[in-house]
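Numbering (the UniProt record's numbering), first residue to last: 1 to 227.
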């Protein structure tokens, strides 16, 4: 079992403005760990909305701290600082980038990302609440997802096919309000194969981890075909 990265260097004050690792984080880590053999050869890893940096540090434990480039984007400068500190504390060279989703990285990362990860603001709210949270920079922006909880997620879904390398894999956290099966259908229309790789109930939330890849991905295609 791969240990959860330490975030003990972060304080309660940090978590006033940066999302603290919680059950959705840990379900995502479990999904990444069960795919560790698939991910070990990744050379470019990109986490959208890295927050504390816990997820990217975990990817570093899977892929090797010196074997991949670890890019971590966030709009929140406090999150960028926390991500950098978490990388240092866990001996993984995380590279935080202050940007909206992938704004500062395209087109340089076109078809270059081997592992793309997003734990979005998925809680269903009205759009005004989600927009205001983003504008005000308050902690609610980490979870307020607008109508259907998809206000931010839909923007990234438009970019996934452009980002993924031929062997690239995209992991997305979702809940039933986000309509995971509809997401799978929409991404299939964009030319990507998708499936739900893990489900877990956490309190009132029923968490889903969705995994996407190109249909010709050799390892996933072989696994789906079976013996």
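For every residue, glycine included, the Cβ atom is placed at its ideal position computed from N, Cα and C.
In the DSSP assignment, residue 60 falls within the alpha helix (DSSP H) that extends over 54-63. Note on residue 108: under 16 other CB atoms within 10 angstroms of its CB, so exposed under the neighbour-count rule. Listed as beta-bridge partners of residue 212 by DSSP are 170 and 194. For residue 59, same chain residues with a beta-carbon under 6 angstroms away, outside a window of 5 residues either side, are 45 in chain order.
Per DSSP, reduced to three states, the secondary structure at residue 22 is coil, with no helix or strand assignment.
In the three-state DSSP reduction, residue 96 falls in the strand class (E or B).
Within the same chain, and ignoring the five residues on either side of residue 193 in sequence, the residues whose Cβ sits closer than 6 angstroms to its Cβ are 213 and 215. The C-beta of residue 36 has fewer than 16 other C-beta atoms within 10 Å across all chains shown, which makes the residue exposed.
Considering only 168, 15 and 26, the residue with the shortest C-alpha distance to residue 42 is 168. The three-state reading of DSSP puts residue 141 in helix, counting H, G and I together.
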